[in-house]
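For reference, the structure is listed below as structure tokens.
There are 2 protein chains.
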Amino acid sequence: MGLSYVEENYLKAILKLSGAPEGLVSTNAIAARLSTTAASVTDMLKKLSEKDLIHYTRYKGAALTPEGQRIATGLVRKHRLWEVFLVESLGMTWDEVHDIAEQLEHIQSDRLIESLDAFLGHPKFDPHGDPIPNAEGKYSVRAQVPLSSLTEGQEGTVIGVREDETAFLRHLNEKGLTPGRTVRVLTKDTYDNTLRLLTDGRELNLSGKAAKNIMIKIS
Amino acid sequence: MGLSYVEENYLKAILKLSGAPEGLVSTNAIAARLSTTAASVTDMLKKLSEKDLIHYTRYKGAALTPEGQRIATGLVRKHRLWEVFLVESLGMTWDEVHDIAEQLEHIQSDRLIESLDAFLGHPKFDPHGDPIPNAEGKYSVRAQVPLSSLTEGQEGTVIGVREDETAFLRHLNEKGLTPGRTVRVLTKDTYDNTLRLLTDGRELNLSGKAAKNIMIKIS
DNA sequence: AATAAAATTTAGATTAGTCTAAATATCGAT
DNA sequence: ATCGATATTTAGACTAATCTAAATTTTATT
Ligand SMILES: [Mn+2]
Ligand SMILES: [Mn+2]
Ligand SMILES: [Mn+2]
Ligand SMILES: [Mn+2]
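Sequence order for the protein chains is A and B. Mapping to the working numbering: the first sequence position 134 is 146, numbers consecutive. Mapping to the working numbering: the second sequence position 125 is 137, numbers consecutive.
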């Protein structure tokens with residue numbers, strides 16, 4: 013009936029990897045993402061294909077079937093709802109919730125996830141600014157721009173990041189650049205785009221590279 | 013490092029079964045509890061013994077070591093805290109939380125469970141009235157008597173059950189005999205101990221057998 | 001079009017957990 | 001003390017998921 017923990021992770025990986033080129037996902041790409049070997053991936057692709065969760069052609073690659081897509085999107089929904097719970101209810105920081113959500117997303121109970129969704133007030137975005145699919149698998153979109161695109165004097169609110177690597181999130185925690193914070197661009201270096209920012213009454217510097225990965229809602 | 017889901021369930025089963033006679037737990041008792049075969053249990057007992065989580069003597073039985081007891085008690089702590097969350101925060105009923113908690117108890121994160129405990133206000137008892145071990149593994153106790161021991165005219169509050177079988181809990185839901193409810197004994201049949209109760213402004217009958225399994229705090 | 005490099009699959013082995021059937025040990029009578 | 005019933009362990013096999021090494025296919029380059 014239900015899928016194993018491992019099968020679920022493969023489906024999620026394929027969903028994630030089919031984002032960019034919209035084409036077929038390669039064996040090596042999946043192996044890299046799941047830190048496993050190409051041989052193991054091949055075995056699993058055959059199995060998922062047998063269950064009609066992916067379309068798979070030897071040597072060509074894999075793509076999710078509608079059913080596979082439904083399951084994978086449901087996992088993303090669960091992952092992001094749990095991340096909201098961990099941050100909003102339990103007071104954890106956005107750098108420490110991903111690994112825990114990675115476990116929680118495999119808990120099996122429709123009643124549970126719908127109750128959790130209601131308890132959290134049907135959030136549309138997770139702590140990293142990623143959209144939470146609804147029960148039908150539909151995503152919300154919202155206007156957002158990278159902090160790097162703001163000009164001197166402009167102001168906005170931090171609503172997420174493009175890359176949610178732990179080290180980067182911790183770095184932002186230390187700078188106080190967390191979701192909900194208002195930031196104003198004081199100066200922007202014309203040569204290397206380094207920013208001088210004002211947030212929470214304090215001034216700080218931010219590299220142009222970091223600024224590209226912080227998403228802002230213009231206020 | 014960490015234990016597998018399966019190993020954890022064996023430790024929890026041994027803890028549960030060592031309750032009554034305080035002696036050794038038999039292979040067949042574990043097999044029955046986990047719905048598996050005696051042969052499988054024997055294999056696992058060897059493995060857990062190898063890891064110094066149980067003391068095991070062939071043909072005699074098993075008992076938890078201090079380390080095994082610590083782990084098993086931690087699982088019970090997690091299970092019961094999650095049950096409180098599901099009932100108190102998500103509004104689920106006490107008959108539908110056990111199976112979900114059975115999954116949630118295996119989530120690995122000390123930070124998570126301590127945050128959850130704080131979020132819930134460090135509860136001492138779960139929705140079924142069972143004590144929640146603290147982080148050091150110590151249980152609370154409280155005065156409680158079976159509803160069957162109340163005499164006519166006596167009043168008390170429902171705080172738990174002795175047997176938490178789903179069908180029984182659903183039955184109590186329908187009668188309105190849920191945690192926190194005040195009940196007064198109107199009459200008690202002298203022959204078969206059937207009770208006539210008043211709770212929430214309504215009168216109802218309850219068998220003597222059911223009354224033995226409902227725990228009451230005398231008010 | 002031929003060939004070298006890269007990607008992918010296959011073959012064969014390993015580990016965790018499980019099972020059935022057979023062997024062995026313990027327990028409870030007589 | 002012996003015998004039969006019961007409990008437990010062992011032997012051997014199976015599935016899911018993984019790996020390494022070898023074989024095969026695709027691709028990129030001459
Ligand atoms: Mn995440
Ligand atoms: Mn996220
Ligand atoms: Mn329970
Ligand atoms: Mn309980």
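Each residue gets a CB set at the ideal place from its N, CA and C atoms; glycine is no exception. From a predicted model like this one, the values you see are computed outputs, not experimental measurements.
Closer than 7 Å by C-beta to residue i: which residues in its own chain qualify, once you throw out the five before and the five after it? Chain order, please.
i, result
"B/Ala50", "Thr39, Asn40 and Ala43"
"B/Leu36", "Lys72, Gly73, Ala74 and Ala75"
"A/Ala155", "Lys229"
"A/Trp213", "Correcting the residue identity first, residue 213 of chain A is Gly in this sequence and not Trp. Taken in chain order, the list of residues that qualify is empty."
"A/Arg182", "Asp107"
Taking the Cβ atom as the reference point for each residue, do residue i and residue j lie within a distance shorter than 8 Å?
i, j, result
"A/His140", "A/Val88", "no"
"A/Gly14", "A/Gln120", "yes"
"A/Asp129", "A/Thr178", "no"
"A/Leu189", "A/Thr211", "yes"
"A/Pro143", "A/Phe137", "yes"
"B/Ile66", "B/Ile26", "yes"
"B/His118", "B/Tyr17", "yes"
"B/Leu102", "A/Ser127", "yes"
Under the assumption that residue i contacts residue j (Cβ atoms under 8 Å), give the Cβ distance between them as a whole number of angstroms.
i, j, result
"A/Leu57", "A/Ala74", "5 Å"
"A/Leu60", "A/Ser30", "Actually they are not in contact, since the Cβ atoms of A/Leu60 and A/Ser30 sit about 14 Å apart, beyond 8 Å."
"A/Leu93", "A/Leu132", "7 Å"
"B/Gly165", "B/Val197", "7 Å"
"B/Thr6", "B/Asn185", "Chain B is shown from 13 up to 231; residue 6 of chain B falls before or after that span and cannot be answered."
Which residues of chain A have a Cβ atom closer than 9 Å to the Cβ of residue i, listed in chain order?
i, result
"B/Met104", "Arg123, Leu124 and Ser127"
"B/Ile112", "Ile119, Gln120, Ser121, Arg123 and Leu124"
"B/Phe131", "Ser101, Leu102 and Gly103"
Which residues in the same chain have their Cβ closer than 6 Å to the Cβ of residue i, if we skip the five residues on either side of it in sequence?
i, result
"A/Val157", "Ile228"
"B/Lys24", "Ala84 and Leu87"
"A/Ser231", "Glu167, Gly168 and Thr169"
"B/Tyr68", "Leu57, Ser61 and Ala74"
"A/Lys63", "none"
"B/Lys187", "Leu216"
Please classify residue i: is it buried, with 16 or more other beta-carbons within 10 angstroms of its beta-carbon, or exposed?
i, result
"B/Thr85", "buried"
"B/Ile112", "buried"
"B/Arg70", "exposed"
"B/Val153", "exposed"
"B/Ser160", "buried"
"B/Glu95", "buried"
"B/Asp176", "buried"
"B/Glu215", "exposed"
"B/Lys90", "buried"
"B/Glu20", "buried"
Please go through the same chain and pick out, in chain order, the residues whose beta-carbon is closer than 8 Å to the beta-carbon of residue i, but skip the five residues on each side of it.
i, result
"B/Asn217", "Thr206, Leu207, Arg208 and Leu209"
"B/Phe180", "Val173, Ala222 and Asn225"
"A/Gly220", "Ser160, Asp201, Asp204, Asn205, Thr206 and Leu207"
"A/Ser52", "Ala43"
"B/Thr199", "Glu164, Leu207 and Arg208"
"B/Gly149", "Gln81, Arg82, Thr85, Gly86 and Arg89"
"B/Ala147", "Arg89, Glu126 and Asp129"
"A/Glu79", "Asp64 and Leu65"
"B/Glu114", "His91"
Residues of chain A with a CB under 7 Å from the CB of residue i: which are they?
i, result
"B/Gln115", "Ile119 and Gln120"
List, in chain order, every chain B residue whose beta-carbon is nearer than 8 Å to that of residue i.
i, result
"A/Glu108", "Arg123"
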